[in-house]
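Sequence order for the protein chains is A and B.
Heads up: the first sequence is residues 26 to 140, going by this note's numbering.
Heads up: the second sequence is residues 26 to 140, going by this note's numbering.
Protein chains: 2
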Amino acid sequence: MEKRNIVKCHASGIRAVKDAMDVLSGNWKLPILTSLYEGTKRFKQISREVEGISDKMLSKELKELEMNQLVKRTVLDTFPPKVEYELTEHAATLEKLLDAMRDWGLLHRQKIVGK
Amino acid sequence: MEKRNIVKCHASGIRAVKDAMDVLSGNWKLPILTSLYEGTKRFKQISREVEGISDKMLSKELKELEMNQLVKRTVLDTFPPKVEYELTEHAATLEKLLDAMRDWGLLHRQKIVGK
């Protein structure tokens with residue numbers, strides 16, 4: 026396979042790749058997105074499903090996901106007010122990227138670790 | 026678009042995605058891979074091309090890329106001995122992943138920043 030056309034990144038390509046990595050960076054965003062993949066959830070539900078995350082961290086990560094328009098936060102007109110979180114349409118565009126990352130991660134682990 | 030099948034990650038999926046992110050993490054691996062995409066290079070050549078990287082950092086990043094079998098280091102039998110770096114065949118498998126990351130990064134920047 027011609028190695029030359031492997032990483033056809035250029036300056037703007039590198040910035041775009043870094044953008045993608047920054048949005049998904051850290052230990053918590055993927056498990057949170059996975060939890061919300063099953064549907065709209067309350068804060069405590071997500072907190073229970075994402076093992077080991079503190080409420081402070083979950084709140085920060087949800088804000089970042091909201092800022093990146095991957096998660097939508099809805100305050101319901103109840104008393105006391107209830108807050109719900111769900112994935113946005115923009116989050117749907119992550120699928121191809123996450124599939125490619127998962128596939129390469131599995132291939133790489135096989136190459137390096139042999140299983 | 027059905028949001029439910031957006032992020033079909035499960036535990037092993039999340040680990041594989043994290044593996045991919047860990048291998049490419051940081052500010053330097055992508056520019057180093059891009060530099061080596063043009064062919065075999067000496068340490069100083071890479072150092073000149075990857076703006077702002079210290080020799081200590083370049084040495085560390087090259088070791089990590091070598092450990093992940095993405096870069097091959099060759100010591101030439103000359104006096105003094107010369108050292109060369111090149112991408113491996115395994116690095117060729119990065120192409121689809123980096124394309125997907127670049128495409129999503131561009132799409133995301135367009136969505137968030139509008140350009």
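The C-beta atom is built at its ideal place from N, Cα and C for all residues, glycine as well.
For the region 43-59 of chain B, the set of positions with a beta-carbon nearer than 8 Å to some beta-carbon of chain A reads Lys-43, Asp-44, Ala-45, Met-46, Val-48, Leu-49, Ser-50, Asn-52, Leu-55, Pro-56, Leu-58, Thr-59 in chain order. At a beta-carbon threshold of 7 Å, none of the residues of chain A lie near Met-82 (chain B); the nearest stands roughly 16 Å away.
In the three-state scheme derived from DSSP, where H, G and I count as helix and E and B as strand, Leu-112 (chain A) is classed as strand. For Val-138 (chain B), the enclosing alpha helix (DSSP H) has its first and last residue at 119-138. Contacts with chain A (Cβ-Cβ distance below 7 Å) from the region 80-107 of chain B involve Asn-93, Gln-94, listed in chain order. For the region 118-140 of chain B, the residues whose beta carbon sits under 7 Å from a beta carbon of chain A are, in order, Thr-118, Leu-119, Glu-120, Lys-121, Leu-122, Leu-123, Ala-125, Met-126, Arg-127, Trp-129, Gly-130, Leu-131, Leu-132, His-133, Arg-134, Lys-136, Ile-137. Taking the CA atoms as reference points, Val-108 (chain A) sits about 16 Å from Lys-81 (chain A).
Secondary structure note for Thr-59 (chain B): its alpha helix (DSSP H) is the uninterrupted segment 54-62.
Beta-bridge partners of Leu-101 (chain B) (DSSP): B:Lys-107. In the DSSP annotation of this structure, the continuous segment of the alpha helix (DSSP H) that includes Gln-70 (chain B) starts and ends at 68-74.
The C-alpha of Gly-130 (chain B) is placed about 7 Å away from the C-alpha of Lys-43 (chain A). As computed with DSSP, Val-96 (chain B) is found in a beta bridge with B:Leu-112. Within the model, the alpha-carbon separation for Arg-73 (chain A) versus Glu-120 (chain A) is close to 24 Å. Among the residues of chain B, those whose CB is under 7 Å from the CB of Gly-38 (chain A) are Arg-127, following chain order. Under the Cβ criterion (8 Å, minimum of three pairs), the region 42-60 of chain B counts as touching the region 37-56 of chain A. The beta carbon of Pro-56 (chain A) is closer than 6 Å to those of Val-75 in its chain, skipping five residues each way along the sequence.
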